[in-house]
Every structure is written in C-alpha cells, then in structure tokens.
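S.K.: Quick note on numbering: my numbering labels position 274 of the sequence shown as 274, and the sequence is numbered without any gaps.
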Amino acid sequence: MVAEYGLKLAVHLITTHFGNIVANVCENLLRKGPLTLEQLIRFTELKREQVKNSLLVLVQHNCVQPFRNQDQQDGAKTEYMALFDNILHRPRFPKFLDIVSRKLDDECVELLDGLLRNGRLTLQQMADRASEGKANPVAIDVVRESLGKLLAAQYVERCPAPEPVLFPVVEETTTRKRGAKSAKIFQPPLTIEQRVLEASVPGESIRFSLTADTGFNADRETNSDDCPMTSVEDIVKAELTPWRANFDEFMRHLRHKALIENVRTRLDDGAATILSAILDATRTAEKKVKVQNSVPLSLEAIFTEVVKSENGRTMTIDRVKASLVQLGCPSRVPDDSYTIDLKNIIELARNDEVESIVLKRYGPYAYRMFRLLSKANCFLETDKIAESTLVEKKEAPKLLYGLWKDNYLHMEKLQVMASKQSRFVMWKVNKPQLWDYVLDEMYHAALNLNLRLGLEQEKDVELLSVPLDKINESKSLQKKFERRRRVRLLLGSSLMKLDDALMLFHDF
Numbered sequence: 001m002v003a004e005y006g007l008k009l010a011v012h013l014i015t016t017h018f019g020n021i022v023a024n025v026c027e028n029l030l031r032k033g034p035l036t037l038e039q040l041i042r043f044t045e046l047k048r049e050q051v052k053n054s055l056l057v058l059v060q061h062n063c064v065q066p067f068r069n070q071d072q073q074d075g076a077k078t079e080y081m082a083l084f085d086n087i088l089h090r091p092r093f094p095k096f097l098d099i100v101s102r103k104l105d106d107e108c109v110e111l112l113d114g115l116l117r118n119g120r121l122t123l124q125q126m127a128d129r130a131s132e133g134k135a136n137p138v139a140i141d142v143v144r145e146s147l148g149k150l151l152a153a154q155y156v157e158r159c160p161a162p163e164p165v166l167f168p169v170v171e172e173t174t175t176r177k178r179g180a181k182s183a184k185i186f187q188p189p190l191t192i193e194q195r196v197l198e199a200s201v202p203g204e205s206i207r208f209s210l211t212a213d214t215g216f217n218a219d220r221e222t223n224s225d226d227c228p229m230t231s232v233e234d235i236v237k238a239e240l241t242p243w244r245a246n247f248d249e250f251m252r253h254l255r256h257k258a259l260i261e262n263v264r265t266r267l268d269d270g271a272a273t274i275l276s277a278i279l280d281a282t283r284t285a286e287k288k289v290k291v292q293n294s295v296p297l298s299l300e301a302i303f304t305e306v307v308k309s310e311n312g313r314t315m316t317i318d319r320v321k322a323s324l325v326q327l328g329c330p331s332r333v334p335d336d337s338y339t340i341d342l343k344n345i346i347e348l349a350r351n352d353e354v355e356s357i358v359l360k361r362y363g364p365y366a367y368r369m370f371r372l373l374s375k376a377n378c379f380l381e382t383d384k385i386a387e388s389t390l391v392e393k394k395e396a397p398k399l400l401y402g403l404w405k406d407n408y409l410h411m412e413k414l415q416v417m418a419s420k421q422s423r424f425v426m427w428k429v430n431k432p433q434l435w436d437y438v439l440d441e442m443y444h445a446a447l448n449l450n451l452r453l454g455l456e457q458e459k460d461v462e463l464l465s466v467p468l469d470k471i472n473e474s475k476s477l478q479k480k481f482e483r484r485r486r487v488r489l490l491l492g493s494s495l496m497k498l499d500d501a502l503m504l505f506h507d508f
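1) For the alpha helix (DSSP H) that contains Q326, what are its first and last residues?
2) Going along the chain, which unbroken runs of the beta strand (DSSP E) with 3 or more residues stay wholly within the segment 101 to 171?
3) Go ahead and pull the three-state DSSP assignment for P432.
4) Touching or not, the segment 130 to 139 and the segment 279 to 289, by the rule of three or more beta carbon pairs under 8 Å?
5) Assuming T284 and S309 form a contact by the criterion Cβ under 8 Å, report the distance between their Cβ atoms to the nearest whole angstrom.
6) Going by DSSP, name the residue or residues bridged to D268.
7) Any contact of the segment 116 to 125 with the segment 47 to 54, i.e. 3+ C-beta pairs under 8 Å?
8) For the alpha helix (DSSP H) containing T15, name the first residue and the last one.
9) How about the segment 434 to 448 and the segment 3 to 19: do they share at least three Cβ pairs that are nearer than 8 Å?
10) So E412 is in the beta strand (DSSP E); what residue range does that whole segment cover?
11) For the putative contact between V11 and L30, defined by C-beta atoms under 8 Å, what is the C-beta separation to the nearest angstrom?
12) By a C-beta neighbour count over all protein chains shown, 10 Å radius and 16 as the cutoff for buried, is P66 buried or exposed?
13) Does the beta-carbon distance from I260 to A277 come in below 8 Å?
14) Using C-beta distances below 7 Å, list every residue in its chain close to A271, excluding the 5 sequence neighbours before and after it, in chain order.
15) From this set, A396, R92 and P202, which residue's C-alpha is nearest A161's C-alpha?
16) Over the uninterrupted alpha helix (DSSP H) stretch that includes R368, give me the two end residues.
17) Sort L502, L83 and R144 by Cα distance to V438 and report the nearest one.
18) In chain order, what residues of the same chain have a beta carbon less than 6 Å from the beta carbon of E305, not counting five sequence neighbours either side?
19) Give a yes or no on contact between the segment 56 to 65 and the segment 18 to 28, applying the rule of three or more CB pairs nearer than 8 Å.
20) Here's the rule I'm using: 16 or more other beta-carbon atoms within 10 Å means buried, otherwise exposed. How should P188 be labelled?
21) What would DSSP say about K475, mapped onto helix, strand or coil?
22) Taking the Cβ atom as the reference point for each residue, do V391 and Y365 lie within a distance shorter than 8 Å?
23) So, at 8 Å on beta carbons, what are the nonlocal neighbours of K52 in its own chain, with the 5 sequence-adjacent residues on each side left out?
24) In chain order, what residues of the same chain lie with their CB nearer than 7 Å to the CB of L115, ignoring the 5 residues before and after it?
25) By DSSP, does T78 sit in helix, in strand, or in coil?
26) By Cβ distance below 6 Å, which residues in the same chain neighbour R252 in space, the five residues on each side in sequence not counted?
27) Exposed or buried, what is F247 when buried is set at 16 or more other beta-carbons lying within 10 Å of its beta-carbon?
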C-alpha cells in the first residue's frame with residue numbers, strides 16, 4: 001500500500017508532465033487499483049475519448065500497464081494498472097542519462113534521451129528522431145548499432161506484452177509430510193502488480209535481443225547456417241518493434257553505487273573496492289533489484305575481478321580476505337565461496353539516515369537515546385536509557401515522549417504486581433513502521449519541493465523572453481535573473497539529494 005503523500009507526489013508529477021485530465025485518470029488508478037475502461041469513465045466523469053486518450057499517453061510513457069484478468073467471474077476484461085514506481089522514476093531521467101554517458105558514447109546517450117522523452121520508440125522512429133534538423137538523414141544501421149550497445153548493457157529492453165493474461169492462482173493442495181526435509185519457507189503471495197509485470201516481461205532470449213525477430217545479426221548476415229530464411233516482412237516487423245528504457249537496470253546501478261559509497265564511508269576504500277568488484281562480476285546474475293545477498297564467488301574469482309581496477313592492483317590476497325571479513329562474509333565451508341549480506345548494508349544506511357534526522361530535529365541528547373534503542377532492537381526502560389546515555393533522568397522522559405509523539409519510538413507501559421506495585425515505561429524502535437513513516441515524510445518533502453520549484457518557475461517568467469544583452473544592461477534585471485538561477489539550482493540539488501534518500505527506503 002502506497003503512502004498518502006506518495007500518491008500525491010505521483011499525481012503531481014503526472015499533472016506537471018501531462019496535464020490535469022491525464023492526472024485525473026492516473027489518480028483513480030493509483031487510489032482504486034486496476035480498473036476497466038468503463039469503471040474509469042464512471043469514476044473520472046470524463047468522456048470516453050478523453051479517458052482512452054489519457055490511457056494511451058500513460059501506456060506510451062510506461063506509467064500504466066493494461067492486462068486481461070482471467071480471475072474475474074464475468075470473463076477476461078482489459079484492466080489498467082498504474083505503475084507507481086515508473087512514475088517516480090521520471091524525475092530520475094537525468095541520473096539515468098549520466099550513467100550511460102559514463103559507460104557509452106554520445107550517440108547512445110542521445111538515443112536513450114529520445115526513449116526517456118517519448119516513452120517507447122521503434123527503430124524507424126529512433127532513426128527519424130536522430131535525423132531531425134540535419135541536412136543528411138542518419139542511416140538506420142547507425143541507429144541500430146547504438147541500440148545494440150544499449151541492449152548489450154541492458155539499459156534498453158523490448159517493450160512488454162501489450163495485454164498479458166493474468167490467470168487465477170492455483171493453490172497448492174498436496175499434503176506434505178512432517179519433518180525438516182519437508183519444511184518450506186513461507187513466502188507471501190505475489191501482488192497483482194507483481195503478477196502482471198511478471199507475465200508481461202518478454203523472455204530473456206528476446207528481451208535484450210535486437211535480432212530475435214529476423215535471425216540476422218547487426219550486419220544483416222545470418223546467425224547460423226541452419227537459420228531459416230527470413231522474409232522482408234520479418235525484417236520490417238523487427239524495425240517496427242517498440243523499445244523502452246530498462247528502469248530495473250538503472251535502479252540496480254544506483255543501488256550498487258549506494259552500497260559501495262556506504263561501505264566506503266563506514267569502513268574504508270579497500271572494502272569498497274572489493275564490494276564494487278563483486279557487484280560488477282555478478283551484475284548479470286542478479287534477477288531483481290532488491291537482492292538480499294550477493295551471488296556467491298570463490299576467493300580466486302573475487303581476486304581476479306579486483307585486480308582489474310586501478311585501486312585493486314595494489315591489493316594482495318590477504319588484503320582481500322581482510323576486507324571480506326570487514327564486510328561480514330566468512331567463507332562458506334562447502335565450496336569456499338563468499339557472499340555479502342547486501343540487505344544488512346542497506347539497513348545500516350537507513351539507520352544512519354534516520355539517526356541524522358533525529359540529530360538535526362531533536363538534538364544530541366535525543367539522538368544518543370534513539371541510537372541506543374536502535375542498536376539494542378528491544379524494549380528498554382526509561383531510567384536504563386538515561387543512565388546508558390548520560391542524560392538527566394528528568395530530561396529523558398520529555399525527550400522520549402517527544403520522539404514517541406512524532407512516531408519515532410514505540411512505547412509500552414508495564415505494570416508489575418509485587419510487594420510494592422511498580423509501573424515502568426518501556427521504549428523501542430520499531431524499524432519497519434519507522435521506515436514507512438520516514439518514507440512518507442520524504443514523499444511529503446519531495447512534494448513540497450516540487451510545488452515550490454513550480455512556483456519559482458512561474459515567477460518572473462517574462463525574463464525568459466528578454467534578450468541577454470538587455471539583461472546585462474539593467475542591474476535590476478540581472479538581480480532577478482541571478483536570483484531565479486540560484487533558487488532553481490538550490491531546489492534542484494535539494495530534490496536530487498532527497499531522491500537519493502527516498503530510493504534508499506523505497507527502491508533499495
């Protein structure tokens with residue numbers, strides 16, 4: 001369930017990018033869940049054509065996924081589901097472009113920019129866009145080469161099935177024998193969104209393949225001697241296949257970066273170098289973004305990957321072993337391989353983020369008490385907290401109640417019946433609930449920053465039409481122009497930093 005301010009932030013982003021009518025349709029999908037076209041018309045009170053056009057826009061920009069639900073008793077009808085995560089990715093497009101600019105050439109960056117701006121494009125549309133404003137049109141083979149590089153790095157993927165079919169979940173009814181061998185770890189059932197996305201994603205053999213439809217490679221040569229003959233229609237069909245940016249790969253890259261930087265800050269550069277080498281070596285083996293542990297690797301494989309980097313060439317095997325111990329991953333006895341608890345690194349980073357908020361908002365004494373409770377991860381009594389943190393016993397209850405009132409602590413009152421009746425107040429940090437609360441606060445802050453940025457952009461908008469030479473001639477215009485520039489830079493940088501923290505609690 002998405003928090004209230006998360007929904008408001010998503011609706012604001014859609015309103016800013018596509019207008020109020022599209023935002024009305026999107027908001028109903030976000031709040032009410034998957035809906036049919038008829039239900040959307042009824043809830044939005046818009047004309048059928050307006051709703052249909054809004055859905056086309058949202059699907060084109062990967063904010064909505066249609067599907068046919070076989071779970072319904074009245075037959076399979078097309079329903080539309082809002083993709084909350086994809087909506088929140090829209091302000092992150094500059095980060096995605098920066099990632100590609102560091103890895104690939106300018107042509108790939110330009111091609112990805114077109115996909116991010118337009119949502120989905122075919123190869124022919126990419127070539128047409130690349131040719132805009134140029135005397136000579138860009139050859140489609142040049143665009144195909146750039147697309148091939150992006151596909152090889154998995155930054156771009158084939159668009160999902162237009163209307164995947166969602167079949168009823170078959171519950172397992174077989175009786176299992178008792179015993180350790182028959183025990184099965186409980187896994188929560190997949191949500192409708194997870195089931196739809198799983199059904200819509202193309203198979204791995206074609207998801208990142210440019211030649212799956214034609215049987216030809218990038219040079220128009222057959223891939224093998226026994227490859228069947230491909231007609232001109234098949235080649236045309238391949239060039240009309242829609243492609244889009246692969247958000248999962250970008251979020252995986254940003255997660256790896258956050259993991260490495262957290263380890264660098266908390267431990268040292270050596271541990272960060274080891275973690276970076278392990279993540280680079282196992283990136284393609286990760287099937288989802290939020291993996292809890294790294295893929296197991298032998299010490300030899302880790303060392304081979306480490307020495308590929310400039311910082312790693314100075315390391316010995318003993319130094320690598322010491323860094324692995326720092327990272328908390330002793331070797332596994334059966335196959336002498338190592339795996340790192342990535343989930344624990346993320347949790348430590350979340351703790352640091354929340355503790356910094358408490359320090360800034362409530363002061364050093366409250367910070368010390370909160371940090372003690374966070375590390376203890378159990379109930380502690382008020383006097384015990386005061387003694388352990390060297391806080392006066394009169395001040396401790398006030399600070400603890402302030403944290404509890406703002407949902408940063410969980411409180412329980414304990415009454416002991418003995419020779420003398422005693423009453424204790426116990427305190428604890430409930431991390432899952434606290435992280436949800438902090439995430440909603442971050443959504444709220446991001447919404448406020450976006451609203452303020454929009455307000456500042458509307459101020460002095462007439463300056464945009466004033467020639468630069470006239471601005472330079474007037475001191476008052478120069479001050480207005482400089483203020484507008486500084487405010488936009490400040491709000492923009494604040495949003496980028498806040499988004500880094502938001503990803504830590506929501507996406508990582």
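Note that the Cβ used here is the ideal one computed from N, Cα and C, for glycine as well. Computed from a prediction, not measured in an experiment: that's the story for all the values here.
M.R.: By the coordinates alone:
1) I317 to Q326
2) 156 to 158
3) helix
4) no
5) Not quite, the Cβ-Cβ distance comes to about 18 Å (not below 8 Å), so this is no contact.
6) DSSP, once it has assigned bridges, lists no residue as partnering D268.
7) Three or more Cβ pairs closer than 8 Å define a contact, and the segment 116 to 125 falls short of that threshold against the segment 47 to 54.
8) Taken as a continuous stretch (DSSP letters only), the alpha helix (DSSP H) holding T15 covers E4 to F18.
9) yes
10) H410 to V416
11) 7 Å
12) buried
13) no
14) V263, S323, Q326 and L327
15) P202
16) P364 to A376
17) L502
18) Taken in chain order, the residues that qualify are A277 and A281.
19) yes
20) exposed
21) helix
22) yes
23) L37
24) L121, V156, W243, R244 and A245
25) strand
26) Apart from sequence neighbours up to five positions away, the residues of its chain that approach R252 with a beta-carbon distance below 6 Å are V289, ordered along the chain.
27) Flag for F247 reads buried.
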